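The numbers in UniProt numbering rise by one with no breaks, and the one at position 26 of the sequence shown is 26.
Cβ coordinates follow ideal geometry from the N, Cα and C atoms, glycine included.
Small disclaimer: the values here were computed from a predicted structure and weren't measured.
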Amino acid sequence: MGDSNFVPLEIIGNTSKKDKSEALIVTDVVTFDGMKDLQIQRFQCSLCPYVSNFKHNVQRHLMSHSGNKPFQCNMCQRKFIQKSDLKIHMLRHAKEKPFRCDLCPKAYPSRSALNFHNRITHCSYS
Numbered sequence: 001m002g003d004s005n006f007v008p009l010e011i012i013g014n015t016s017k018k019d020k021s022e023a024l025i026v027t028d029v030v031t032f033d034g035m036k037d038l039q040i041q042r043f044q045c046s047l048c049p050y051v052s053n054f055k056h057n058v059q060r061h062l063m064s065h066s067g068n069k070p071f072q073c074n075m076c077q078r079k080f081i082q083k084s085d086l087k088i089h090m091l092r093h094a095k096e097k098p099f100r101c102d103l104c105p106k107a108y109p110s111r112s113a114l115n116f117h118n119r120i121t122h123c124s125y126s
């Protein structure tokens with residue numbers, strides 16, 4: 001199959017309005033290969049250019065503008081917007097470090113921390 005059947009979406013107009021969460025709802029009217037016009041709804045932060053296809057992503061993003069960080073680490077008092085960010089942070093305080101570097105003696109509590117170490121220290125990607 002070739003790419004000859006693919007015709008990209010063409011935006012032929014859009015509108016926007018604010019909802020109660022301060023997210024801008026952007027509706028794009030698009031056409032696909034001459035078919036009936038489709039409406040695609042996206043959500044945009046009312047304070048910056050951030051856009052998502054999901055309203056909850058914009059609502060979560062809006063918290064970054066407010067400075068409200070309700071989740072606090074009980075060991076170092078650092079605060080986070082999301083509970084999941086706090087959980088990831090708590091790995092820093094863990095004594096167990098099962099992710100060991102193959103190139104040096106360093107070890108880390110998470111694979112992402114090890115990958116970061118490899119990129120920065122050893123200029124490698126895993």
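Residue i classed as buried or exposed, judged by whether at least 16 other C-beta atoms fall within 10 angstroms
i: residue 127; result: Past the edges of the chain, shown from 1 to 126, lies residue 127, and the structure says nothing about it.
i: L47; result: exposed
i: L103; result: exposed
i: H117; result: buried
i: S124; result: exposed
i: H93; result: exposed
i: F54; result: exposed
Residue from the options whose Cα sits closest to the Cα of residue i
i: Q82; options: E96, D102 and S64; result: S64
i: H56; options: T121, C101 and C45; result: C45
Three-state secondary structure assigned by DSSP to residue i
i: R78; result: coil
i: S112; result: helix
i: K87; result: helix
i: A66; result: Reading the sequence as shown, one finds Ser at residue 66 and not Ala. Reduced to three states, the DSSP call for S66 is helix.
i: H93; result: helix
i: H117; result: helix
i: H61; result: helix
Beta-carbon proximity list for residue i, same chain, < 8 Å, skipping 5 on both sides
i: S4; result: Only weak support exists for where S4 lies, its pLDDT of 34 falling under 50; the value from the coordinates is given anyway. Nothing meets the Cβ criterion.
i: L91; result: P109, S110 and A113
i: R78; result: Q72 and H89
i: F99; result: A107, Y108, P109, S110, R111, A113 and L114
i: E96; result: P109
i: H61; result: C45, Y50 and S52
Beta-bridge pairing of residue i - partner residues as DSSP gives them
i: N52; result: The sequence shown places Ser at residue 52, not Asn. F43, per the DSSP bridge assignment.
i: A107; result: R100
i: Q72; result: K79
Same chain, Cβ closer than 7 Å to residue i, five either side skipped, listed in chain order
i: F80; result: K69, F71, L86 and H89
Same chain, Cβ closer than 6 Å to residue i, neighbours up to 5 away in sequence not counted
i: V51; result: R42 and Q44
i: H122; result: L103
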